[in-house]
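Accompanying notes for the structure given below.
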Amino acid sequence: MNEFHLPAEHPLNLKTILAMDYGSKFIGIATYCVNRDPYPTPYGRIPSHQGQEFFLRQLKRLVDDEFIDLIVIGLPHLLDGKKTSSTIKAQEFVNLIREQFTLPVEEQDETLSTFEAESRMKNSPQYNFQIDLQKIDAVAACVILEDFIRRKKSSPHL
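Each residue of the sequence shown is one higher than the last, beginning at 6 in my numbering.
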């Protein structure tokens, strides 16, 4: 078992979760099936600058193809917890996703997720010890998903 394993009676057991790192140009994606996959993994990214219709089509296809049960979206805050203009844009994005999908949508604090993603890339042979701008959004989404699982492990209520 690893730190992302949850008890069989946990409400997230065997649920497939999709996490998103919202950005004005790209939305990073990570996925994890609780207690089936060994750990959350970066999935890729969807361009957000090509228009809302294009993005929603891509996301709906991904949700259907991967049998997603729950969507988690990162909300950026300052280190002191205050909201920024990015927080407001991300919250508008959360509201859009809630309007477009019948799945549950959860919010997760994503403070320092990109910094953590950069650190992982610099320290990993998988990324040749370099920041890969093509993959940074998906790695940040993975950090958001890991933080979500840790939070739900300590407080299981959905």
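We put the beta carbon where it would ideally sit given N, CA and C, even for glycine.
- Around the beta carbon of Phe72, fewer than 16 other beta carbons lie within 10 angstroms, which makes this residue exposed.
- By the Cβ rule, the stretch 83-93 does not count as touching the stretch 123-134, because fewer than three pairs are nearer than 8 Å.
- Judged by DSSP in its simplified three-state form, Asp69 adopts helix.
- Contact between Phe9 and Ile154 is confirmed by a C-beta separation of about 5 Å, below the 8 Å threshold.
- The beta carbon of Gln57 is closer than 8 Å to those of Leu101 in its chain, skipping five residues each way along the sequence.
- In this structure, Pro16 is the residue among Asp69, Pro16, Pro81, Asp152 with its C-alpha nearest to the C-alpha of Asn40.
- For the pair Ile136 and Leu75, the CB atoms are not nearer than the 8 Å cut-off.
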